[in-house]
Amino acid sequence: MKLKADVGHRDLTEGAVGSVILRFALPLLLGNLLQQLYNVTDSVIVGQFLGKQALAAVSASFFIYYFIISLVIGIGSGTSVVISQFFGAKQFDKVQRAFSSFFIFMLVAGILLSIAGIIFAEPMFRLTNTPEDVIPQAVIYFRIYVGGTFLFVTFNSIISILRGVGESVRPMLFILLTTLLNIALDLLFIVVFKWGIEGAARATVIAQGIGMCVALGYVNNTHPLLSIKKKDLLFDMNLFKEGLRIGLPTSVQQCSISLGLIALLGIVNGFGTDTLTAYGAAGKIDTIITQAVLTLSSALAAFSGQNIGAGRLDRLRAGVRFSMRVNLSLGIATVAAIYFFGDWMMRAFTNDPNVIQIGKEYLLIIGGFFVVHGGLNVFNGALRGAGATFFPMVVSIVCFWLIRIPLAYWFSSIWGRAGIWWAIGASFSIGLAVTYAYYKSGIWKKNGVARKS
Numbered sequence: 015m016k017l018k019a020d021v022g023h024r025d026l027t028e029g030a031v032g033s034v035i036l037r038f039a040l041p042l043l044l045g046n047l048l049q050q051l052y053n054v055t056d057s058v059i060v061g062q063f064l065g066k067q068a069l070a071a072v073s074a075s076f077f078i079y080y081f082i083i084s085l086v087i088g089i090g091s092g093t094s095v096v097i098s099q100f101f102g103a104k105q106f107d108k109v110q111r112a113f114s115s116f117f118i119f120m121l122v123a124g125i126l127l128s129i130a131g132i133i134f135a136e137p138m139f140r141l142t143n144t145p146e147d148v149i150p151q152a153v154i155y156f157r158i159y160v161g162g163t164f165l166f167v168t169f170n171s172i173i174s175i176l177r178g179v180g181e182s183v184r185p186m187l188f189i190l191l192t193t194l195l196n197i198a199l200d201l202l203f204i205v206v207f208k209w210g211i212e213g214a215a216r217a218t219v220i221a222q223g224i225g226m227c228v229a230l231g232y233v234n235n236t237h238p239l240l241s242i243k244k245k246d247l248l249f250d251m252n253l254f255k256e257g258l259r260i261g262l263p264t265s266v267q268q269c270s271i272s273l274g275l276i277a278l279l280g281i282v283n284g285f286g287t288d289t290l291t292a293y294g295a296a297g298k299i300d301t302i303i304t305q306a307v308l309t310l311s312s313a314l315a316a317f318s319g320q321n322i323g324a325g326r327l328d329r330l331r332a333g334v335r336f337s338m339r340v341n342l343s344l345g346i347a348t349v350a351a352i353y354f355f356g357d358w359m360m361r362a363f364t365n366d367p368n369v370i371q372i373g374k375e376y377l378l379i380i381g382g383f384f385v386v387h388g389g390l391n392v393f394n395g396a397l398r399g400a401g402a403t404f405f406p407m408v409v410s411i412v413c414f415w416l417i418r419i420p421l422a423y424w425f426s427s428i429w430g431r432a433g434i435w436w437a438i439g440a441s442f443s444i445g446l447a448v449t450y451a452y453y454k455s456g457i458w459k460k461n462g463v464a465r466k467s
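First residue of the sequence shown? That's 15 in our numbering, and the numbers climb one at a time after it.
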């Protein structure tokens, strides 16, 4: 099967490295920022209109929900790597078959995860030592939110695969649509209809459902390489196994991280509702701030995948060098922004002075490690695009469970809650040192899927 990529696809194997990465990354960054705005909307509106207990409920729900979807997120990233490498090698027939197999898996997995999340919601919150005054609202919010998991994972599977074939503008537009819908429905359900925290969850599920339908309509009706109409639906076990081989280590890594976040949440919860509220709100601010370098990592993964498929290791190395220079500039800007505007950032979520003070403390400490965290993501992006996901998985698990969690217990017993934030920074630093050494070793170069095929 021979197909030509249309103008929507971007060949990342030709052109000046820096400009190619930036042209691909900028729409991707806007899409990721919109996606984070989408995630933050519930917290901002809930915090301003429903109070800090409701905001804490949304924060606690996020960490548990992240654990539930971690497995499919990792497998999705593996399939995206497979597709980007086949696209770089111009094996377009395998692009469509891999996407169809991936979509079927995500749909089934999403439905099963929805059912499990609804059943086990309350026990999970109690297991994480969630404050008693937060649990009732957390359970209500979470059960509605997790009920739409199959919509979330199928929507994000389409976004992920479009990016894997070098398309970043339309995914950004799909995310913009869902973000605007979520904001409008949040205000309608919470402010006008007075549905409380249930309204926030319903708004998110409805917005995700509409976004999924629009994205699915696009790939089915206008995309030359991707189609999942009834006649095109097939499950290619061999291609799915390739995605599983690359994605399973990332899945294990994501599950380990999410379990680590839940364990860390247990330590945070021990300092009370104000610290939990601040941790959740400041964590969302941190996520928004770090989107630039996380997007750079995602763009580098697509860039790496296509150039590995085309046999252009020289371009991959140049892409890493360019990305690290951008990361350094972003790090300096981030620290300055937090120092001068940290209070203002926290006030978007709450007017409680104690929560604001705790949140700014978190941001200042974590912001100091931005360049370290960004560098770790840059090297992980290059390795992920090359299909070398096992080593980053091991590093992530070790740094989280053998370094971050023990240090958080130890440091918090000495310095209080600030010790938790310093433990996070220490784990980033050790992870970067080990990952850089692995990247320099060159062992990862043997993982190209398309070249094996």
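Ideal Cβ placement from N, Cα and C applies to all residues, glycine included.
When secondary structure is reduced to three states using DSSP, His-387 falls in the helix class. Between Ala-324 and the set Val-385, Gln-99 and Phe-63, the nearest pair of CA atoms involves Gln-99. Excluding the 5 residues flanking it on each side, Phe-63 has same chain C-beta neighbours closer than 7 Å at Ile-204 and Val-205, in chain order.
Excluding the 5 residues flanking it on each side, Ile-411 has same chain C-beta neighbours closer than 6 Å at Ser-270, in chain order. Straight-line measurement puts the Cα of Leu-176 at about 10 Å from the Cα of His-237. A distance of 7 Å or more separates the beta carbons of Ala-74 and Thr-287. Note that the region 403-418 does not touch the region 381-388; fewer than 3 beta-carbon pairs, one per stretch, sit closer than 8 Å. When only Cα atoms are considered, Ser-265 and Ile-83 end up about 9 Å apart. With respect to Gln-268, Ile-133 sits apart: the two C-beta atoms are not nearer than 7 Å. A straight line joining the alpha-carbon of Leu-247 with that of Ser-114 spans about 6 Å. In this structure, Gly-399 is the residue among Gly-90, Trp-415 and Gly-399 with its C-alpha nearest to the C-alpha of Trp-458. A straight line joining the alpha-carbon of Ser-241 with that of Leu-230 spans about 9 Å.
In the structure shown, Thr-144 adopts coil according to DSSP, grouped into three states. In terms of Cβ geometry, Ala-313 and Ile-35 form a close pair [threshold 7 Å]. With contact defined as three or more Cβ pairs closer than 8 Å, the region 207-226 and the region 185-197 are in contact.
When DSSP states are grouped into helix, strand and coil, Val-179 belongs to the coil group.
Under a 10 Å Cβ-count criterion, Ala-214 is classified as buried, with 16 or more other Cβ atoms of the shown protein chains found around its own Cβ.
For Trp-436, the enclosing alpha helix (DSSP H) stretches over residues 432-455. In this structure, Lys-66 keeps its C-beta atom at 7 Å or more from the C-beta atom of Thr-289.
The count of Cβ pairs closer than 8 Å, one atom from the region 26-33 and one from the region 42-61, stays below three, leaving the stretches out of contact. In the structure shown, the three-state DSSP call for Lys-208 is coil.
Put simply, of Ser-94, Tyr-80 and Tyr-376 the residue whose alpha carbon is nearest the alpha carbon of Ala-316 is Ser-94. If you ignore the 5 residues before and after Ile-352, its C-beta comes within less than 7 Å of the C-beta of Leu-377, Leu-378 and Gly-381, all in its own chain and listed in chain order. Taking 7 Å as the cut-off, the Cβ atoms of Gly-32 and Phe-336 count as close. Ranked by Cα distance from Arg-111, the first of Ile-97, Met-120 and Leu-262 is Ile-97.
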